[in-house]
Structure formats: structure tokens, C-alpha cells
Amino acid sequence: MKNLVVLTGAGISAESGVQTFRAADGLWEDHRIEDVATPEAFRRNPELVHRFYNARRAKLRDVKPNDAHLALARLEKDWLGAFLLITQNVDDLHERAGSHQLVHMHGELLKIFCEVCEKRQKHADDLGLGDSCPNCHSKRMRPDIVWFGEMPYHMEMIYDALAKADVFISIGTSGLVYPAAGFSKLASRAHRIEVNLQGTSVSPSFHEHRLGRASEEVPSLVTELLQKN
Ligand code: OAD
């Protein structure tokens, strides 16, 4: 039985209508993404950062999983070996498609984090400076998102799964943001497959490339993998 690890990025949710980070000009209201997704930006201009994440959280109500998310849920259900889905995405489309063995290494839009008591809670509505922590009542709530310069979540479990992986699949990620960009090298004993619209800066570290839209390439790849299961 083989160990399978899948990494997803913004490209898997693009066809659901969730904007990727580096498409087009990569700007949001004339701000570079890197200027809103940092702890410094949150200290400097918390209203702006809340507005950015409130807009993205609200957008989740208008989108739904596509065939690529659904295919990965099918893969998890029918795969006979160990399975781990690592997503860099902060949307909830994998959960809504039926994935369970899933870690959000960059956090989740539908969770908030209290900087004082460090408790996380589910939160589906807008978040603002006036909101207080339901646990300790302080007013230091932030989106539960890993910002640039912060340590991604679940890294110990991720490194362990990558070291043991027999198959590693990377879907819809530009390979520009570390540590995720280094995962293909860490899955050193795995057969490595990249699914993307185009080549990326990490393409040379994969054995196989499926060039095309995730909603088409992922279902056919999943069918092939399950036939060899
Ligand atoms: P990017 O926006 O950097 O890259 C999206 C990738 O998806 C690109 O390589 C596209 O070619 C590809 N793509 C787009 N549409 C696709 C489709 N329909 N099918 C297949 N591939 C498609 O997004 P990420 O690599 O996920 O971090 O970005 C990584 C991290 O940078 C994000 O998690 C976020 C951001 O800053 C944080 O917020 C901490």
C-alpha cells in the first residue's frame, strides 16, 4: 500500500471563482498582496487587512467546489494506503467536497484567532476592530491566516508525510512561496506529479507534468491512480 501526499494551491480553486494570488496584476485595491498579508500590515492598518479578509470570507458564500476538489475527495475515500491532503488555500472548498485527511498549512478564512488567549474559533461573518474574543473578551482578534514571515501550521506532520511519500502530487501552485515550494524536493523517494496550467519554477523537480485545467486533469489523474491502487 502506497503513501500518497497531495499539495494544492490557489489554482485548484480558480475555476470555482476564487481569485489566485499571482494572476493578472496580483493587486487588491491597489495594494500588493504582500502588503496586506503580513503581521506588520495588520499593526499598521488593521482596518485594511480586516477588509481584505472580510471580502474573501464573504466570497466563499458564492463559490462551490469544482470537479478537482471532488476528485480528491474520491481519491481519499478509495485510496488503500496512507493519504494526506495539504492545502495552502484558506477557503473551505476541500471540506465541502468531502475531504477529511486535510491540513490547512496557511490557516482558514472561516476561523479567527485571539492574539491574547490564543484561542481559535469558527467565524463565518465579517471581523472588525470592535469584535471581542468570545473566550477572554479582549479586542485583539485576527483572521486565523498564516501571514508572510509567520510559521505555517502542521509542519511536523507534513514533513513526516513527505519523507514517507511514495507518490506526491502538486496541483495549482506557483512554487514561489516557501516552505510549500520545497515540498517536491522533500518528497525525495516519491513519484512526483505536477498539475498546472503552465510550467512553474519548481517543475524540474517533478517526474510527470499534467498541463491543463485542474478540473479536467485532476479527475483523470485520480481515475488512473485508483486503477493502479
Ligand atoms: P499562486 O496564485 O501563486 O499560483 C496559482 C497557480 O495556479 C499558478 O501556477 C497558475 O498557473 C495555476 N493555475 C491557475 N488556474 C489554474 C487551473 N484552472 N488549473 C490548474 N492550475 C491553475 O497561488 P499559490 O501557489 O497557491 O499564502 O500561492 C501560494 C501562497 O502565496 C498562498 O497560499 C498565499 C500566497 O501568498 C498566504 O496567504 C500565506
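Using this note's numbering, you'd call the opening residue of the sequence shown number 321 and step up by one each time.
Where is the CB? At the ideal position from N, CA and C, for every residue including glycine.
The structure displayed is predicted, hence computed values, not measured ones.
Determine the DSSP secondary structure at residue i, reduced to helix, strand or coil.
i	result
residue 543	helix
residue 477	helix
residue 490	strand
residue 536	helix
residue 409	coil
residue 372	helix
residue 363	helix
residue 433	strand
Taking residue i as the reference, give the member of the options with the closest Cα.
i	options	result
residue 451	488, 366 and 356	366
residue 337	369, 377 and 353	377
residue 501	372, 379 and 425	425
residue 506	530, 534, 536 and 475	475
residue 522	548, 540 and 489	489
residue 419	496, 399 and 382	399
residue 547	358, 409, 479 and 394	394
residue 470	499, 479, 494 and 449	499
residue 329	535, 496 and 409	409
Can you give me the Cβ contacts of residue i inside the same chain, cut-off strictly under 6 Å, excluding the 5 residues immediately before and after it?
i	result
residue 334	340
Just the C-alpha distance for residue i and residue j, rounded to the nearest angstrom, thanks.
i	j	result
residue 526	residue 519	11 Å
residue 441	residue 364	24 Å
residue 384	residue 407	16 Å
residue 541	residue 517	15 Å
residue 437	residue 512	41 Å
residue 397	residue 543	13 Å
residue 433	residue 463	6 Å
residue 494	residue 534	13 Å
Which residues in the same chain have their Cβ closer than 7 Å to the Cβ of residue i, if we skip the five residues on either side of it in sequence?
i	result
residue 374	446 and 447
residue 411	333, 338, 380 and 429
Got a sec? Which residues, its chain only, sit under 8 Å from residue i by beta carbon, not counting five neighbours each side?
i	result
residue 538	332, 387, 388, 391, 392, 491 and 515
residue 465	357, 373, 410, 426, 427, 428 and 429
Just confirm the distance between the C-beta atoms of residue i and residue j, as a whole number of angstroms; I'd bet it's less than 8 Å.
i	j	result
residue 415	residue 422	7 Å
Please confirm if residue i has its CB atom under 8 Å from at least one CB of chain B.
i	result
residue 402	Any reference to chain B falls outside this structure, which holds one protein chain only.
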